[in-house]
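Protein chains in written order, with this note's numbering: chain A, 3 to 241; chain B, 346 to 751.
In what follows, a structure is listed as structure tokens, so that the remarks can point back to it.
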Amino acid sequence: MPDLMLLFDFTRTLLPPITLIVFIIGVMLRLVKWASFGFAKKDRPLGKSNRLIGAIKNWSIDMIPPWDLAGRVEPVAYVTGIVMHISCILILLGALHAASVQNIIGIPYTQSRLRLPAIPASNIPVSIPRNLLTYIITPVFLSSLGIMILRRVYYSLRGGPLKSLTRKGDWVAAPLLWSAGFTGFLVVVAVEPYVPLLTLHLILTQVFIMYLPYSKLIHSATVFLVRTWFGFRKSIYGV
Amino acid sequence: MTSLADRLFISLKNLDGYKLINMETCTRCATCAHSCPAYAVTREDYAVPAWKSVEFRRLLNRQRGSLSAVLGERPVPREWLSNISTKGLYLCTLCGRCMPGCVFTIQNLELWEVLRSIIYEEGEASPSLLEIADSLQKKMNPYSRDHGERLSWVKELGPEGVKEGQRAKTLYYVGCTSSYQEKTIASSTANILSRMNEDWSLFGKDEWCCGDPNIAVGDQEKAEEFAKHNLEVASSLGASRIVTSCAHCYRMWRWKYPEMTGRHGFEILHTTEYLQECLRSGALKLEGKLAARVTYHDPCYLSRLGGVVEEPRNILNSASENFVEMREGKFDTFCCGGGAMTETVDQKLWTKIGDERLRQAEIIEADFIISGCPFCRRSLTQAAERSGSKMQILDIVELVAKQLKD
């Protein structure tokens, strides 16, 4: 038990700065790589409509899957993808996660506007019903991410495009996120043994954060650029 | 284990930070597979757009991984290039449908153009594309036809009021496919321009390919050279606007030339835009309306990659009584198979995609498929001939030219 407590303390004291350093190095390597290819301004032709409107459109009504394209073929993949991402964001904005960030970057959580429910033991103010996050959003997140993982497993065994696309990293990123989410859920619903589960959750979460900039999970940041750029492109064409 | 001699440093000069971020956003979810016409008809795993992205990233990460600034670049095995070239790179018509079909809207088309340029520069391009490159180099067209034959349609079809290479306000850029293969499109456009009393001329013998096939080949420099040449000719003829009846030429002139050579001052119109302008001004009057069931096939390079979607519909609503929409139209249009010189590069793919598009028109029981691109006209006409379909395939200028009021 003392060893476990030592490990638990490690995940809350020494591991966070290590996580942060590994994460920052990963982000820097990505940025340097992108910058090394240059961002020369192209002499774009005069567009047919406003670029800002194009970007807003691509982030709103054009987010609805085009039915004639993939929406018709794989609605489950589309729906689970969207649901998983939204629920994931809500969970990450939860009080305890925000408080963890506070521990690392030093911003007092109690002054934050991101206050959302957390674990029962938390004394952090609650701004939306805790049960909603715990018993609805988290299971929805775990199920939708689970379906995405199973889809890859199924097609990898059965054959098809996903099989030829799957790389080792795909067996790390999503399962890692799911495991972190699942252990977090167990901690929140107070499943025993509490401390080992929380320790495992903290380790998995921080490994996930460290892994993020080195993997395909980088899309969590780049998607904001990519969707905006395509919105610009469509506004140039006026479509 | 590949020997040192079988490894090489690829040229990444056409890749920039924007494209790289697009490429690295791909999560290999395979959603793009279901929007890809090539995958739809072949069910070939290598046709999936993300497969090219994955392979491209593999090349890049080998040569220029995250630590290359410290450790130096590493050469890539040549077999990786030939693998891309022989498997999936050319199972693609460059229709760009994978972009709206991607959950992140990754701009894949630009990546495929860069990947094609790498493969071409390292001598791994498909032999048929190398023949096209040779023809473009020597004859300024992708069809290995003599440059002198470029204007043969004028003699053969005798359109009204044609001027060649003379100073005029409007220049008609015919393009290679209408000049050598779908000649009635060129002739109909010429007739319409003359009947509209337009001050117009052809580029004449100085018209070179627009450069679109060069991009399909992977020869970006040649495409730029052709762009510069065509722009110089247009300037020397004192034109202020260019009309073209080809969707690929339109995209080059309107959207790619400014990116390649800087903004130019020409107004670029596709024939559908020109016809709508004439209809609105009252200069174009049509005799009667076609009673048959008419549908419109949006050329990829005109709608999704060109931005011309409503104009042809407005014209068809004026020219026909019974206009019906096909499924998978407008911005999400299904390809005809004709892009990226697929007819020459992969005949099987070309016919399968053309057949599928024809089938979609048969579902809505259309009598006519109208399009706005000679590649589409050719692909769909051939598909109709193969299947023995009675459906008629026309370009929009052919339909309008037939209905011109005296």
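Think of the CB as a built atom: it goes at the ideal place given N, C-alpha and C, for glycine as much as any other residue.
Computed from a predicted model, the values in this text were never measured in an experiment.
Cβ-Cβ distance between residue i and residue j below 7 Å
i: Thr230 (chain A); j: His203 (chain A); result: no
i: His609 (chain B); j: Leu650 (chain B); result: no
i: Ser480 (chain B); j: Leu502 (chain B); result: no
i: Ile698 (chain B); j: Ala706 (chain B); result: no
i: Cys377 (chain B); j: Gly446 (chain B); result: yes
i: Pro163 (chain A); j: Ala375 (chain B); result: yes
i: Leu749 (chain B); j: Arg540 (chain B); result: yes
i: Cys371 (chain B); j: Cys443 (chain B); result: no
i: Ser51 (chain A); j: Gly240 (chain A); result: yes
i: Trp396 (chain B); j: Ser166 (chain A); result: yes
i: Leu199 (chain A); j: Leu206 (chain A); result: no
i: Ala685 (chain B); j: Thr438 (chain B); result: yes
i: Glu666 (chain B); j: Ala636 (chain B); result: yes
i: Ile537 (chain B); j: Thr224 (chain A); result: no
i: Pro603 (chain B); j: Pro47 (chain A); result: yes
i: Arg543 (chain B); j: Thr589 (chain B); result: According to the sequence provided, residue 543 (chain B) is Glu. The question's Arg does not apply to it. Contact: no.
i: Val654 (chain B); j: His615 (chain B); result: no
Proximity test, Cβ basis, 7 Å: residue i and chain B
i: Thr230 (chain A); result: no
i: Gly240 (chain A); result: yes
i: Pro122 (chain A); result: Interpretation of Pro122 (chain A) is limited by its pLDDT of 42, a score under 50 that renders its predicted location unreliable; the figure taken from the coordinates is listed afterwards. False, the Cβ-Cβ gap to chain B never drops below 7 Å.
i: Trp36 (chain A); result: yes
i: Pro77 (chain A); result: no
i: Leu22 (chain A); result: no
i: Lys43 (chain A); result: no
i: Thr201 (chain A); result: no
i: Leu164 (chain A); result: yes
i: Lys50 (chain A); result: yes
i: Val225 (chain A); result: yes
i: Phe234 (chain A); result: no
Same chain only: Cβ atoms within 8 Å of residue i, ignoring 5 sequence neighbours per side
i: Asn60 (chain A); result: Arg229, Thr230, Phe232, Gly233 and Lys236
i: Arg723 (chain B); result: Thr522, Gln526, Glu527, Gly683 and Glu688
i: Ala176 (chain A); result: Leu147, Met150, Ile151 and Arg154
i: Glu369 (chain B); result: Arg402
i: Phe12 (chain A); result: none
i: Trp425 (chain B); result: Glu400, Arg403, Leu404 and Arg407
i: Thr450 (chain B); result: Met444
Contacting residues, own chain, Cβ-Cβ under 6 Å from residue i (five flanking each side not counted)
i: Asn125 (chain A); result: Confidence is the limiting factor: at Asn125 (chain A) the pLDDT is only 48, short of 50, which leaves the residue's position unreliable, though a coordinate-based value still follows. Answer for Asn125 (chain A): no residue qualifies.
i: Asp557 (chain B); result: His593 and Met597
i: Leu17 (chain A); result: Gln208
i: Ser356 (chain B); result: Glu466
Contact set for residue i: own chain, Cβ-Cβ below 7 Å, skip 5 residues either direction
i: Ile20 (chain A); result: none
i: Cys591 (chain B); result: Gly520, Thr522, Ser523, Cys718 and Pro719
i: Gly441 (chain B); result: Leu454, Cys645, Arg649 and Leu650
i: Ser663 (chain B); result: Leu624 and Leu631
i: Lys364 (chain B); result: Glu455, Leu456 and Val459
i: Trp553 (chain B); result: Met485, Phe571, His574 and Asn575
i: Phe25 (chain A); result: Ile211, Met212, Leu214 and Pro215
i: Thr168 (chain A); result: Arg154 and Ser158
Beta-bridge pairing of residue i - partner residues as DSSP gives them
i: Ile613 (chain B); result: B:Ile587
i: Leu703 (chain B); result: Note: Leu703 (chain B) sits in no beta bridge, so no partner.
i: Leu749 (chain B); result: B:Leu631
i: Asn667 (chain B); result: B:Arg638
i: Thr515 (chain B); result: B:Trp545 and B:Arg586
i: Ile715 (chain B); result: B:Tyr641 and B:Leu739
Below-7 Å beta-carbon distance, residue i vs any chain A residue
i: Leu353 (chain B); result: no
i: Arg461 (chain B); result: no
i: Leu365 (chain B); result: yes
i: Ser590 (chain B); result: no
i: Trp600 (chain B); result: yes
i: Gly362 (chain B); result: yes
i: Phe676 (chain B); result: yes
i: Pro420 (chain B); result: no
i: Asp390 (chain B); result: yes
i: Gly510 (chain B); result: no
i: Ile324 (chain B); result: In the structure as shown, chain B begins at 346 and stops at 751. Residue 324 (chain B) is therefore absent and cannot be evaluated.
i: Pro382 (chain B); result: no
i: Gln452 (chain B); result: yes
i: Gly652 (chain B); result: yes
Within chain E, the residues that residue i reaches when beta carbons sit closer than 8 Å
i: Ile220 (chain A); result: Reference to chain E is not applicable here, since the protein chains of this structure are A and B.
message: With a threshold of 8 Å, are at least 3 pairs of Cβ atoms found where one atom belongs to the stretch 392-409 of chain B and the other to the stretch 717-726 of chain B?
response: With the cut-off at 8 Å, the stretch 392-409 of chain B and the stretch 717-726 of chain B do not touch.
- prompt: Per the contact definition of three or more C-beta pairs closer than 8 Å, is the stretch 670-677 of chain B in contact with the stretch 421-430 of chain B?
  reply: The stretch 421-430 of chain B makes no contact with the stretch 670-677 of chain B: fewer than 3 CB pairs, one atom from each, lie closer than 8 Å.
- prompt: Counting pairs of Cβ atoms below 8 Å between the stretch 500-519 of chain B and the stretch 462-482 of chain B, do you hit three or more?
  reply: With the rule of 3 Cβ pairs closer than 8 Å, the stretch 500-519 of chain B does not count as touching the stretch 462-482 of chain B.
query: Are the stretch 689-697 of chain B and the stretch 651-660 of chain B in contact at 8 Å, needing three or more beta carbon pairs?
result: Between the stretch 689-697 of chain B and the stretch 651-660 of chain B there are fewer than three C-beta pairs closer than 8 Å, too few to call the two in contact.
- prompt: So does the stretch 460-467 of chain B actually touch the stretch 558-567 of chain B, counting three or more Cβ pairs closer than 8 Å?
  reply: Verdict: yes, contact present.
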